[in-house]
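Going by UniProt numbering, the letters in the sequence shown line up with residues 1 to 454, in that order.
Note that the Cβ used here is the ideal one computed from N, Cα and C, for glycine as well.
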Amino acid sequence: MHILQNSQTPNNITTQIHSHLLTTNSLLHHSQLFNTLLHFYSLAESPQKAFLLYKQLQQIYTHSHSPLPPLFDSFTYSFLIRTCATLSHPNLGTQLHAVISKVGFQSHVYVNTALVNMYVSLGFLKDSSKLFDEMPERNLVTWNVMITGLVKWGELEFARSLFEEMPCRNVVSWTGIIDGYTRMNRSNEALALFRKMVACEYTEPSEITILAVLPAIWQNGDVKSCQLIHGYGEKRGFTAFDIRVLNCLIDTYAKCGCIFSASKLFEDISVERKNLVSWTSIISGFAMHGMGKEAVENFGRMQKVGLKPNRVTFLSVLNACSHGGLVEEGLNFFDKMVEECEVLPDIKHYGCLIDMLGRAGRLEQAEKTALGIPSEITDVVVWRTLLGACSFHGNVEMGERVTRKILEMERGYGGDYVLMYNILAGVGRFGDAERLRRVMDERNAFKVPGCSLV
Numbered sequence: 001m002h003i004l005q006n007s008q009t010p011n012n013i014t015t016q017i018h019s020h021l022l023t024t025n026s027l028l029h030h031s032q033l034f035n036t037l038l039h040f041y042s043l044a045e046s047p048q049k050a051f052l053l054y055k056q057l058q059q060i061y062t063h064s065h066s067p068l069p070p071l072f073d074s075f076t077y078s079f080l081i082r083t084c085a086t087l088s089h090p091n092l093g094t095q096l097h098a099v100i101s102k103v104g105f106q107s108h109v110y111v112n113t114a115l116v117n118m119y120v121s122l123g124f125l126k127d128s129s130k131l132f133d134e135m136p137e138r139n140l141v142t143w144n145v146m147i148t149g150l151v152k153w154g155e156l157e158f159a160r161s162l163f164e165e166m167p168c169r170n171v172v173s174w175t176g177i178i179d180g181y182t183r184m185n186r187s188n189e190a191l192a193l194f195r196k197m198v199a200c201e202y203t204e205p206s207e208i209t210i211l212a213v214l215p216a217i218w219q220n221g222d223v224k225s226c227q228l229i230h231g232y233g234e235k236r237g238f239t240a241f242d243i244r245v246l247n248c249l250i251d252t253y254a255k256c257g258c259i260f261s262a263s264k265l266f267e268d269i270s271v272e273r274k275n276l277v278s279w280t281s282i283i284s285g286f287a288m289h290g291m292g293k294e295a296v297e298n299f300g301r302m303q304k305v306g307l308k309p310n311r312v313t314f315l316s317v318l319n320a321c322s323h324g325g326l327v328e329e330g331l332n333f334f335d336k337m338v339e340e341c342e343v344l345p346d347i348k349h350y351g352c353l354i355d356m357l358g359r360a361g362r363l364e365q366a367e368k369t370a371l372g373i374p375s376e377i378t379d380v381v382v383w384r385t386l387l388g389a390c391s392f393h394g395n396v397e398m399g400e401r402v403t404r405k406i407l408e409m410e411r412g413y414g415g416d417y418v419l420m421y422n423i424l425a426g427v428g429r430f431g432d433a434e435r436l437r438r439v440m441d442e443r444n445a446f447k448v449p450g451c452s453l454v
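Structural data, given as structure tokens:
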């Protein structure tokens with residue numbers, strides 16, 4: 001049993017134990033051993049084996065002629081229900097729910113909590129709500145899985161109403177609802193809940209809570225709140241032990257416009273503690289502040305300590321090169337990504353490359369890059385980026401080619417027509433510009449209206 005309880009046990013050893021226990025009929029007399037094996041499978045890479053084991057034991061139990069103790073208990077059904085959720089198999093879960101009611105576990109709080117979690121995690125919100133309302137007993141986990149599941153599916157108001165009804169709350173409850181408001185870009189409410197949580201005497205934020213609330217801070221661009229949470233994290237020891245909190249703080253400072261604080265925090269972290277996310281966060285921060293040289297320098301420092309960049313790191317440094325006018329460096333990074341690091345570029349990498357070349361006036365090279373994008377990932381946005389560059393540099397001939405390409409992909413966006421209209425009008429081709437405007441009107445092309453916060 002000790003071997004099965006070890007999460008590091010290799011699958012082949014578990015399979016051997018499984019076979020031995022079945023062959024010797026040992027599982028029929030030891031429900032705890034059976035549940036331990038079932039639990040292992042429900043958490044492993046092949047959760048379907050949990051149901052295979054369940055069916056095997058059902059058959060052996062049914063055909064046995066000797067008296068046997070009850071084999072399946074509340075733990076059995078809880079593990080199987082979890083497996084249904086993992087496999088995204090609602091039909092199997094519904095069948096299991098019927099079996100549970102038949103064998104008399106319909107009032108068991110752990111089993112019902114597992115069922116609520118299965119239904120809500122798979123998007124069956126009516127079923128989960130009905131079961132939740134009918135439960136004769138609920139524990140804290142029941143409330144938390146219901147609220148977290150509702151947040152996942154965007155039912156924030158329903159989740160908040162349940163949160164307010166909770167007889168008691170723990171850090172999971174608070175973190176779940178804060179995360180919901182952050183994900184829905186309702187940052188003020190997320191921050192208000194965090195402050196309310198901090199004021200509670202019986203619950204303190206965890207590292208996960210900090211990670212949930214920091215995006216709400218950069219959504220508001222609230223440097224002061226970032227500094228306060230940074231100080232709170234240091235006081236509680238989060239920054240000393242959890243690199244994720246430090247990485248998120250670096251990202252938040254940068255997005256709040258305080259690149260100096262982001263850089264200082266990054267430099268204060270020892271080289272041994274910095275991971276790829278740390279380096280990517282500071283490179284991305286320099287990129288968004290137009291500090292291309294600093295981003296490139298830190299990319300080099302990262303490689304010297306032996307860390308291998310991933311697609312996000314390359315996207316950040318390409319973006320830095322684009323906004324910093326470092327064209328040759330950007331081209332070298334793109335080649336390094338493909339040839340040395342064997343990272344397959346996606347549409348965002350190509351978009352950065354085209355934007356960089358377009359800003360530098362290297363339109364022919366940008367067009368060649370756009371034409372070389374694999375058809376399965378090509379996107380109208382990269383062509384619009386190139387059209388914007390044509391407009392900026394007054395390249396009418398290429399602008400017409402790019403516009404035709406865009407209209408082959410999508411005809412309904414008025415911004416494309418307006419941009420080409422401006423290119424034509426800019427070189428005095430007013431007749432062609434007016435004809436293009438008439439085409440735009442005939443096709444009922446729309447333009448997303450702008451807005452101002454002033």
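Distances from the CA of Arg384 to each of Ser375, Gly361, Ile354 were compared; the closest alpha carbon is that of Ile354. Under the three-state reduction of DSSP output, Tyr202 falls in the coil class, being neither helix nor strand. Nearest in C-alpha terms to Ser322, of all of Arg301, Leu307, Ile282, Ala366, is Ala366. Where Asp127 is concerned, the enclosing alpha helix (DSSP H) starts and stops at 125-134. When C-beta atoms of the segment 244-253 are compared with those of the segment 286-296, fewer than three pairs fall below 8 Å, so the two segments do not count as touching.
Between the beta-carbon of Val151 and that of Thr113 there is about 17 Å, and that puts the pair past the 8 Å contact cut. Here the segment 172-181 makes contact with the segment 196-212; the two share three or more CB pairs at distances below 8 Å.
Counting other Cβ atoms within 10 Å of its Cβ, Arg82 reaches 16 or more and is therefore classed as buried. For Val381 and Tyr413, the gap between their C-alpha atoms comes out near 11 Å. Counted as a single uninterrupted DSSP element, the alpha helix (DSSP H) harbouring Ala114 occupies residues 109-121. Around the beta-carbon of Glu434, fewer than 16 other beta-carbon atoms lie within 10 Å, marking it exposed. Excluding the 5 residues flanking it on each side, Glu137 has same chain C-beta neighbours closer than 7 Å at Val109, in chain order.
In the same chain as Glu329, and ignoring 5 residues on each side of it, the C-beta atoms closer than 6 Å to its own belong to Val296, Cys321, in chain order. Per DSSP, the continuous alpha helix (DSSP H) segment holding Ile423 begins and ends at 414-426. In this chain, the alpha helix (DSSP H) harbouring Asp355 covers 347-359.
Taking C-beta separations shorter than 7 Å and ignoring five residues to either side along the sequence, the partners of Ile178 in its chain run Ala190, Leu193, Phe194, Thr209, Ala212, Val213, following chain order. Under the DSSP assignment, Met440 falls in the alpha helix (DSSP H) whose first and last residues are 430-442.
If you compare the alpha carbons of Glu408, Ala50, Asn220, Glu157 with that of Gly257, the shortest gap goes to Asn220.
Secondary structure at Gln48: helix, using DSSP grouped into helix, strand and coil. In the DSSP annotation of this structure, the continuous segment of the alpha helix (DSSP H) that includes Asp179 starts and ends at 171-183.
Under the 10 Å beta carbon count, Asn35 is surrounded by 16 or more other beta carbons and is classified as buried.
The residues Tyr417, Met420, Tyr421, Leu424, in chain order, have a CB closer than 7 Å to that of Leu436 in the same chain once the five nearest residues on each side in sequence are set aside. Just so you know, the alpha carbons of Asp441 and Arg411 end up roughly 11 Å apart.
Ser284 and Glu294 have their C-alpha atoms spaced approximately 10 Å apart. Rounded to whole angstroms, the gap between the alpha carbons of Arg443 and Met409 is 14 Å. Taking a C-beta distance under 8 Å as the contact criterion, Phe299 and Leu318 do not qualify as a contact pair. According to the DSSP assignment, Ser261 belongs to the alpha helix (DSSP H) that extends over 259-268.
Residue burial annotation: Lys196 is exposed, with fewer than 16 other C-beta atoms found within 10 angstroms of its C-beta. Secondary structure at Thr83: helix, using DSSP grouped into helix, strand and coil. The beta-carbon distance between Gly233 and Val223, rounded to whole angstroms, is 15 Å. This is too long to meet the 8 Å contact definition. For Trp153, no alpha helix (DSSP H) run applies, since DSSP gives it neither H nor E. In the DSSP assignment, Ile373 falls outside any alpha helix (DSSP H), carrying neither H nor E. In the DSSP assignment, Gln219 falls within the unbroken alpha helix (DSSP H) covering 207-220. Pairing Leu125 with Tyr119, the inter-Cα distance amounts to about 7 Å. Judged by DSSP in its simplified three-state form, Met166 adopts coil rather than helix or strand.
Rounded to whole angstroms, Val116 and Pro345 show a C-alpha spacing of 41 Å.
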